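Please read the structure below before turning to the comments.
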Amino acid sequence: MKFVLALGLVTIFAVSLCNAQCLNTYNLLNSNGCLKDGKEYKFDETFMIPGCKKCTCTKTSLTCCATAAQPSVYNKTECIAFLDDIQCQYRVVKKSDPCVECNVTAWVL
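Shown next, in the form of structure tokens:
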């Protein structure tokens, strides 16, 4: 039973460390809020930026996280993935014919 509890705690800790799709920035803060791409945002404000990233300004950091799941397992030799900035989702198509979608078997966020 102790092993199962320890394994669960390790899993929770590992998942929290694996949030590679978020970026914390600490040097973009001032007394009024956060600065991002020349625009000021108030503390506790959430906003979207190009690349389908959702940002949140807090008193300790500016955190921006990806909102689109990225394809991770597909035929990278024959296919190419690109982000549709309007729909905030990736499309994976044949390099030789971009009208043909490729099969994706795994996605990561």
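Per mature numbering (1 follows the signal peptide of the UniProt record, and there is no 0): the sequence shown = residues -20 to -1, 1 to 89. Yeah, the Cβ is synthetic: ideal placement off N, Cα and C, and Gly gets one too. Owing to the predicted nature of the structure, the values given are computational and were not obtained by experimental measurement.
- Note on Ala46: 16 or more other CB atoms within 10 angstroms of its CB, so buried under the neighbour-count rule.
- When the Cα atoms are used, Val53 and Asn83 turn out to be separated by approximately 9 angstroms.
- Pairing Cys14 with Cys68 gives a Cβ-Cβ distance that is not under 8 angstroms.
- In this structure, DSSP gives Pro51 an extended state, which the three-state scheme calls strand.
- According to DSSP, residue pairing for Gly13 in a beta bridge involves Lys22.
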